[in-house]
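Start counting the sequence shown at 5; every next residue gets the next number (the numbering used here).
In what follows, a structure is listed as C-alpha coordinates, so that the remarks can point back to it.
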Amino acid sequence: ALLSALTPARLDNESFPFLMSREIELGYALVRASRITYVGELGWEIYVPSEFACSVYDVLVEAG
(Lines of atoms letter the chains of each structure in order from A; the text may use other names.)
(Lines give C-alpha, C1' and ligand atoms only; values in the text may rest on other atoms or scores of the structure.)
Protein backbone atom coordinates (compact mmCIF):
# COMPACT_ATOMS: atom_id res chain seq x y z
CA ALA A 5 0.00 0.00 0.00
CA LEU A 6 2.86 2.40 0.75
CA LEU A 7 4.48 2.07 -2.65
CA SER A 8 1.13 2.34 -4.44
CA ALA A 9 0.50 5.67 -2.75
CA LEU A 10 3.80 7.09 -4.01
CA THR A 11 3.67 6.22 -7.70
CA PRO A 12 1.18 6.57 -10.54
CA ALA A 13 2.19 3.07 -11.73
CA ARG A 14 -0.31 0.27 -11.28
CA LEU A 15 1.10 -2.28 -8.85
CA ASP A 16 -1.81 -4.70 -8.57
CA ASN A 17 -1.31 -8.44 -9.20
CA GLU A 18 -2.56 -8.34 -12.79
CA SER A 19 -0.57 -5.26 -13.84
CA PHE A 20 2.63 -6.20 -12.01
CA PRO A 21 2.82 -9.98 -11.48
CA PHE A 22 5.34 -11.78 -9.27
CA LEU A 23 8.92 -11.79 -10.65
CA MET A 24 8.24 -8.81 -12.92
CA SER A 25 10.64 -5.88 -13.04
CA ARG A 26 10.11 -2.49 -14.69
CA GLU A 27 10.75 1.22 -14.32
CA ILE A 28 8.28 3.25 -12.29
CA GLU A 29 8.13 6.86 -11.11
CA LEU A 30 8.90 7.32 -7.43
CA GLY A 31 9.18 10.85 -6.17
CA TYR A 32 11.05 12.74 -8.89
CA ALA A 33 12.97 9.70 -10.08
CA LEU A 34 12.59 6.74 -12.39
CA VAL A 35 13.49 3.64 -10.41
CA ARG A 36 13.46 -0.05 -11.23
CA ALA A 37 10.93 -1.93 -9.14
CA SER A 38 11.09 -5.71 -8.96
CA ARG A 39 8.27 -7.64 -7.38
CA ILE A 40 10.06 -10.38 -5.54
CA THR A 41 10.09 -11.89 -2.10
CA TYR A 42 11.94 -14.60 -0.30
CA VAL A 43 9.42 -15.13 2.50
CA GLY A 44 6.11 -15.58 0.65
CA GLU A 45 4.73 -12.09 1.28
CA LEU A 46 4.25 -9.35 -1.30
CA GLY A 47 7.60 -7.59 -1.46
CA TRP A 48 9.57 -5.21 -3.62
CA GLU A 49 13.17 -4.48 -4.43
CA ILE A 50 13.76 -0.92 -5.62
CA TYR A 51 16.88 -0.02 -7.57
CA VAL A 52 17.58 3.70 -7.51
CA PRO A 53 20.13 5.66 -9.57
CA SER A 54 22.67 7.09 -7.11
CA GLU A 55 21.88 10.69 -8.03
CA PHE A 56 18.28 10.17 -6.84
CA ALA A 57 18.96 8.01 -3.78
CA CYS A 58 18.55 10.79 -1.19
CA SER A 59 15.31 12.14 -2.64
CA VAL A 60 13.76 8.66 -2.99
CA TYR A 61 14.81 7.84 0.57
CA ASP A 62 13.17 11.05 1.81
CA VAL A 63 9.93 10.28 -0.05
CA LEU A 64 9.78 6.77 1.43
CA VAL A 65 10.58 7.89 4.99
CA GLU A 66 8.06 10.75 4.88
CA ALA A 67 5.35 8.37 3.70
CA GLY A 68 5.99 5.99 6.57
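Every residue gets a Cβ at the ideal spot worked out from N, C-alpha and C, and that includes glycine.
Excluding five sequence positions before and after S38, the CB atoms of its chain that fall closer than 6 Å to its own CB belong to S25, E49, given in chain order. Per DSSP, V63 is one residue of the alpha helix (DSSP H) stretching across 57-67. Taken through DSSP and simplified to helix, strand or coil, L7 comes out as helix. Non-local C-beta neighbours of F22 in its own chain, meaning closer than 7 Å and more than five positions away in sequence, comprise R39, ordered along the chain. For the set A5, A9, T11, G31, the Cα lying nearest the Cα of Y61 is the one of G31. A67 places its beta carbon less than 8 Å from that of A9.
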